[in-house]
Structures are given as C-alpha cells and as structure tokens.
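To start, the structure under review is shown below, and the notes come after it.
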Amino acid sequence: MINTSPNTAQYSTNGSSTGVNDLQFMTTIHHSPQNVPIPPVPTLNNNQQSQPQQEQQPSYISRLLESSAHPTTCIFHVLFKALAIITYLFGGLFQHSLNFITVTVCCILLLAIDFWVVKNITGRLLVGLRWWAQVDLDGNADETRWIFESKENVKINSFDQTLFWTVLYTTPIVWGGFLIVGLMKFNFGWLITVSFGIASNCANVYGYWQCSKDQKAKFQQMMERGAQMGAVNAMKYNLFGKMASFATSFGSATGAGGNSQQSTQV
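Numbers 32 to 297, taken from the working numbering, label the letters of the sequence shown in order.
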C-alpha cells in the first residue's frame with residue numbers, strides 16, 4: 032500500500048527518506064493447515080488384511096447347505112456313495128497284484144456303511160421314514176416281518192427331501208451303468224462289487240418306496256402318464272394300423288412261400 036498523504040513522509044535533497052517509508056508491502060502467511068486429501072500408500076499389511084476378507088467368502092457347498100435343516104446328515108447321505116464310486120472308478124488305474132482284492136474290499140465296506148447310514152439315520156432325519164425287518168421267534172418256524180413306518184404331520188424340509196430322493200434313485204442307475212460296461216468289457220471279476228452296489232442301493236430304494244405314500248402316488252402317476260403318452264403317440268402315428276398291415280403282409284408272404292415249396296415238391 033502507498034500512503035500519499037503529504038504529512039507522513041519527508042524527502043531530503045540526497046534522495047533518502049527521513050520519515051516512515053511510504054512504500055510498505057503487506058504480506059501475510061497463513062499457517063493454518065489445509066484439508067488436502069492424501070492418497071493411501073499400499074503396504075504389505077494392507078495386502079495381508081485384504082486376503083483374509085477374500086477367504087472368508089462362503090463356498091458354493093456351504094451356501095447350498097444353508098437351506099438344509101440337517102446339513103451334516105446331507106453330507107453323510109452322499110459321502111459314502113461317492114467314496115465307493117470313486118474307489119471303483121480309480122482303483123483300476125494302479126496296476127498291482129493286490130489291486131483287485133483291495134478295491135473290492137474297500138468298495139464293499141463303503142457300500143455296507145452307506146447302506147446302514149441311509150437305512151437307520153438319513154432316511155429318518157431327512158424324510159421321516161424308517162424300515163426294518165423283525166424276526167418273530169414265537170412258534171416253531173421263525174417268521175420275518177418287514178415293517179415300514181412314516182412320520183405323520185411332520186414338516187419336511189424341501190431341500191432335504193429333494194436331495195434324499197435324487198441321490199437314492201441316481202445311485203442304482205450309476206451302478207447299473209457299471210454293470211453294462213463290465214459285461215461289454217468281459218470284466219466279470221469286477222461285477223462282484225457292482226452287484227453288491229446294485230443290491231444294497233436297490234434294497235434302500237424299495238424299503239423307502241414302501242414307506243412313502245407320496246412316492247407311490249408319484250410313481251403311479253408317472254406310469255399312467257407314460258401309458259397315456261404311449262397311447263397318444265400310437266394313435267397319432269397310426270402305429271396299430273402299421274403293425275396290422277405289416278402282420279398281413281408277413282402272413283401273405285409266408286403263405287406264398289409255403290405254396291411255392293409245395294409246388295416244387297410236387
């Protein structure tokens with residue numbers, strides 16, 4: 032700022048000022064801190080903290096089992112079946128003199144454990160069904176009675192029910208496929224394990240099918256629908272007419288052949 036008042040400054044003859052300098056520069060420095068954002072610097076500790084957060088995300092199986100009322104029971108319902116199938120599939124990859132005996136014994140043990148677990152635990156907890164055989168010792172002859180039970184007025188979890196019946200029906204089909212492959216490859220020795228797998232799983236299927244009224248009704252509906260679809264397709268494509276015409280043509284051809292043979296003999 033320049034002060035132009037005549038009373039505030041006096042100049043001498045040599046050009047120097049004898050009073051207060053009339054040229055005064057006012058400068059102010061602000062020492063207050065300013066809010067300037069500072070970018071974060073990545074460190075090793077930050078990377079180590081972010082990794083556990085990523086690992087804490089639940090897996091697909093855990094998310095799937097969240098809708099189950101008995102997740103541990105569902106795991107054991109599938110576990111021994113899967114172990115038996117995997118042992119049978121990959122047992123032949125290792126060539127060893129005791130390979131056949133080892134794989135057969137391991138598969139039979141796993142199938143026996145699976146049969147007991149499904150019959151006594153998983154069926155009762157997942158779908159509320161139970162079956163067993165009771166031997167009556169009264170009288171001279173021992174009589175075996177098969178008992179099939181189902182809990183009434185019990186709310187069954189939909190996920191548990193779907194998993195139980197899907198795995199129960201799928202496993203005998205898988206072992207049936209192994210039976211066909213073994214017959215085609217003439218591996219009759221491995222059919223011992225396959226036959227035991229089919230027998231144990233089909234026993235559970237039959238027992239629980241007898242227990243469940245809903246499964247009986249669904250099976251009957253499926254058979255009725257299959258019969259209806261077969262009848263509709265037969266009428267649609269006139270299969271009965273084609274079969275009748277084929278039988279007629281075949282009969283006429285057979286009769287003509289017989290007449291020709293008689294003529295040649297004469």
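Positions of the beta carbon are idealized from the N, C-alpha and C atoms, including for glycine.
Keep in mind it's a predicted model, so treat the numbers as computed, not measured.
Runs of beta strand (DSSP E) with 3 or more residues, each lying fully within the region 150–196, are found at 160–167 and 174–181, listed in chain order. Judged by DSSP in its simplified three-state form, asparagine 235 adopts helix. Here the region 218–227 does not lie against the region 149–160, with fewer than 3 beta-carbon pairs under 8 angstroms apart.
Comparing C-alpha distances from valine 149 to each of Tyr237, Ser98, Cys137 and Leu210 shows the shortest one belongs to Tyr237. In the three-state DSSP reduction, alanine 115 falls in the helix class (H, G or I).
Where asparagine 130 is concerned, the enclosing alpha helix (DSSP H) starts and stops at 130–148.
Restricting attention to Ile132, Phe111, Lys186 and Asn218, the CA atom closest to the CA of tryptophan 147 is found in Phe111. Of the residues Thr103, Ser243 and Leu114, the one whose Cα lies closest to the Cα of phenylalanine 179 is Ser243. Distance between threonine 104 and leucine 199, taken at the CA atoms: about 14 angstroms.
One alpha carbon belongs to threonine 201, the other to tryptophan 163, and they sit about 22 angstroms apart. For asparagine 188 against alanine 100, the beta-carbon gap comes to about 4 angstroms, under 8 angstroms, which counts as contact. Taking the CA atoms as reference points, tyrosine 119 sits about 7 angstroms from valine 134.
Here DSSP, grouped into helix, strand and coil, assigns histidine 108 to helix. Closest by C-alpha distance to leucine 141, out of Lys216, Leu96, Gly228 and Gly261, is Gly228. Taking the C-beta atoms as reference points, glutamine 241 is found no nearer than 9 angstroms to tryptophan 196. The Cβ atoms of cysteine 138 and alanine 113 do not sit closer than 9 angstroms to each other.
Here leucine 214 is exposed: its Cβ has fewer than 16 other Cβ atoms, across all protein chains shown, within 10 Å. Contact between tryptophan 206 and asparagine 235 does not hold, since their C-beta atoms are separated by about 12 angstroms, which reaches or exceeds 8 angstroms. At a Cβ-Cβ threshold of 9 angstroms, histidine 108 and leucine 194 count as neighbours. Rounded to the nearest whole angstrom, the CA to CA distance from asparagine 130 to phenylalanine 121 is 11 angstroms.
At a Cβ-Cβ threshold of 9 angstroms, serine 93 and phenylalanine 190 do not count as neighbours.
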